[in-house]
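Working notes, beginning with the structure itself.
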Amino acid sequence: MSTLEQKPASSEGRKDPWSQLLQKVGKNQDRAAYHALFEHFGPQIKYYAMANGMASHAEELVQEVFVSIWRRSCLYDWRKAAASTWIFTIARNQRIDMLRKMQRTSAEMPVETEDLWQIPGDNENEPVTSLHRLMSERRIRESLSHLPEEQITVIAKVYMENKSHQMVANELNIPLGTVKSRVRLALNKLKVILQDQNV
Amino acid sequence: MTRHHPDSLSLMEYSAGNLSEPHALCIRLHLDECPHCRSRVDTLDSLGAVMMEQQPKVSVSEGMFDSILSMIDSEPAGAAKVATAPRMSALQKLLGDDINKLPWKRQLGDVSVLDITDRFPGQSEQVVLQKLAAGGKAPAHTHRGEETTIVLQGAFADQKGVFNQWDFVVLNDQDEHKPVAVGCEDCITLSVLSAPVKLTGTFTRMLNPFIR
Numbered sequence: 001m002s003t004l005e006q007k008p009a010s011s012e013g014r015k016d017p018w019s020q021l022l023q024k025v026g027k028n029q030d031r032a033a034y035h036a037l038f039e040h041f042g043p044q045i046k047y048y049a050m051a052n053g054m055a056s057h058a059e060e061l062v063q064e065v066f067v068s069i070w071r072r073s074c075l076y077d078w079r080k081a082a083a084s085t086w087i088f089t090i091a092r093n094q095r096i097d098m099l100r101k102m103q104r105t106s107a108e109m110p111v112e113t114e115d116l117w118q119i120p121g122d123n124e125n126e127p128v129t130s131l132h133r134l135m136s137e138r139r140i141r142e143s144l145s146h147l148p149e150e151q152i153t154v155i156a157k158v159y160m161e162n163k164s165h166q167m168v169a170n171e172l173n174i175p176l177g178t179v180k181s182r183v184r185l186a187l188n189k190l191k192v193i194l195q196d197q198n199v
Numbered sequence: 001m002t003r004h005h006p007d008s009l010s011l012m013e014y015s016a017g018n019l020s021e022p023h024a025l026c027i028r029l030h031l032d033e034c035p036h037c038r039s040r041v042d043t044l045d046s047l048g049a050v051m052m053e054q055q056p057k058v059s060v061s062e063g064m065f066d067s068i069l070s071m072i073d074s075e076p077a078g079a080a081k082v083a084t085a086p087r088m089s090a091l092q093k094l095l096g097d098d099i100n101k102l103p104w105k106r107q108l109g110d111v112s113v114l115d116i117t118d119r120f121p122g123q124s125e126q127v128v129l130q131k132l133a134a135g136g137k138a139p140a141h142t143h144r145g146e147e148t149t150i151v152l153q154g155a156f157a158d159q160k161g162v163f164n165q166w167d168f169v170v171l172n173d174q175d176e177h178k179p180v181a182v183g184c185e186d187c188i189t190l191s192v193l194s195a196p197v198k199l200t201g202t203f204t205r206m207l208n209p210f211i212r
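Residue numbers (our numbering), protein chains in the order written: chain A, 1 to 199; chain B, 1 to 212.
Okay, structure coming up:
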């Protein structure tokens, strides 16, 4: 092993186990690590597909996502995104991509899905600094556990069922303004809104 | 440095993958130039990951992993091509290298437009490029629906402030504005219109083809 691959022990400690596995896939095409990722994320992605109305293509989506993970793993940089965040964005993009391809031919798509929805870390110019990115999942998990159920319900419908705020309002039979204020309250707790104020 | 950003709710709809393609394009163009909003989207993407993690798990078919392995084994070598070559930006793919040289349609006075709705088949919104000549003025108008705009070149000013390159602005029927191009460049914007705009000034009926 080259010395370049040896990381300082202090940085190793901040990496979550999934990010370590994903890095092994990227560096060494490690199939055992790939399999462990599949066991953990495969069922999550299948549920995601089913929740957003792609039940008949759920396993196809899981396959597409994992082939994409394999292909792109060499680009994965644990300092830019936790593995679960990175895999979520790949699942999101593959879902969008599948829907786009069902609806039209490639000649009708001058812009690719990835031109519109970015995978974190693809931008090489991005400075590698953000420790807060690694912290953010842990922080979000903690914050979510304190949110009222009605806020989590709205967020789940937006992220898992891919419903717009308007569609969520229609479905829950509440005003759009109420949906937006629930989301704002939640994002405030998650410190996304707080950052708005420093703009 | 951009000073006008998308709000958190729009960024959340982007992160969740729920926006139409033209809206996603506006957000993406802004993100490419705005580290602040990229960091907000990073947090939102992590929210998506945590939401996905907290849902029920559904077991996958027996043998699925093996079929994935055979898919990756049958890939041609050098599948790492994703890593190579500077990518063309979405804007270049859509509009070429020089947005000043597009087949602009001169409307009245200082305003030119180009409707690019047909580049987004299957979308319900209208997508329009607008060009206001350096120092030029556009007629006062309001918007019947919602108009999302990103500045691609130059800058314009209205009563709400100055909007520079990559600034992001959403206008609705509450906003009457009368933009003026500031600086020495023509101001070019990309707008996604959910419904036609409504003119408020006099003599502007003839502008209807432009100000929709």
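Just so it is clear, CB atoms sit at the ideal spot from N, CA and C, and this is done for glycine as well.
Since the model is a prediction, treat every value here as computed from it, not as a measurement.
Two segments are said to touch when three or more pairs of C-beta atoms, one from each, lie closer than 8 angstroms; by this definition the segment 98-112 of chain B does not touch the segment 154-167 of chain B. When Cβ-Cβ separations below 7 angstroms define contact, Q165(B) makes no contact with chain A.
Taking the Cα positions, P56(B) is about 10 angstroms away from I45(A). Counting only Cβ-Cβ distances below 8 angstroms, A51(A) has contacts in chain B at Q55, in chain order. R141(A) reaches chain B at V50, counting residues in chain order whose Cβ is nearer than 7 angstroms.
Annotation: D45(B) is outside any beta strand (DSSP E); the continuous alpha helix (DSSP H) that includes it extends over P35 to E53. Burial state of K101(B) is exposed, judged by a 10 Å Cβ sphere holding fewer than 16 other Cβ atoms.
DSSP places G161(B) in the uninterrupted beta strand (DSSP E) bounded by G161 to F163. For a cut-off of 8 angstroms, the C-beta gap from R95(A) to A49(A) is around 7 angstroms, short enough to register as a contact. Annotation: G63(B) has no Cβ neighbours in chain A at a cutoff of 9 angstroms; minimum Cβ distance is about 11 angstroms. Listed in chain order, the positions of the segment 95-125 of chain B with a beta carbon within less than 7 angstroms of a beta carbon of chain A are R119, P121 and G122.
For Q126(B), the uninterrupted beta strand (DSSP E) segment begins and ends at Q126 to L132.
By alpha-carbon distance to K191(A), the top candidate from S164(A), R138(A) and A156(A) is R138(A).
Cβ contact annotation for E150(A) (same chain, cutoff 7 angstroms, sequence separation greater than five): R182, in chain order.
By the Cβ-count criterion, G26(A) is buried, with 16 or more other Cβ atoms from all chains shown falling within 10 Å of its own Cβ.
Residue range A58 to R72 is occupied by the alpha helix (DSSP H) that includes V65(A).
Annotation for D30(A): K24 place their beta carbon closer than 7 angstroms to its own, counting only its chain and skipping 5 residues before and after.
No residue range can be given for S164(A), since it is assigned to no beta strand (DSSP E) and is classified by DSSP as neither H nor E. For L116(A), the C-beta contacts it makes with chain B under 8 angstroms involve E21, A24, L25, R28 and A90, in order along the chain. Here P148(A) is exposed: its Cβ has fewer than 16 other Cβ atoms, across all protein chains shown, within 10 Å. With contact defined as three or more Cβ pairs closer than 8 angstroms, the segment 54-73 of chain B and the segment 119-128 of chain B are not in contact.
With a threshold of 7 angstroms between beta carbons, A36(A) makes no contact with chain B. Counting only residues of its own chain and dropping the five nearest sequence neighbours on each side, R40(B) has a CB closer than 6 angstroms to the CB of L11. Listed along chain B, the residues sitting closer than 9 angstroms to A156(A) by beta-carbon distance are M51, Q54 and Q55. Contact with chain A is found for G17(B), since one of that chain's Cβ atoms lies less than 7 angstroms from the residue's Cβ. Spanning the alpha carbons of L99(A) and G122(B) requires a straight line of approximately 12 angstroms. Per the coordinates, the alpha-carbon of H143(B) lies some 7 angstroms from the alpha-carbon of E176(B).
Between the C-alpha atoms of D97(B) and K189(A) there is a straight-line separation of about 42 angstroms.
S70(B) has a beta carbon lying at 7 angstroms or more from every beta carbon in chain A.
Look at Y76(A): its C-beta is not under 7 angstroms from any C-beta on chain B. Counted as a single uninterrupted DSSP element, the alpha helix (DSSP H) harbouring S84(A) occupies residues A83 to Q103.
Look at I68(B) here: in three-state DSSP terms it is helix. V192(B) sits close to H23(B), with the two beta carbons spaced by under 7 angstroms.
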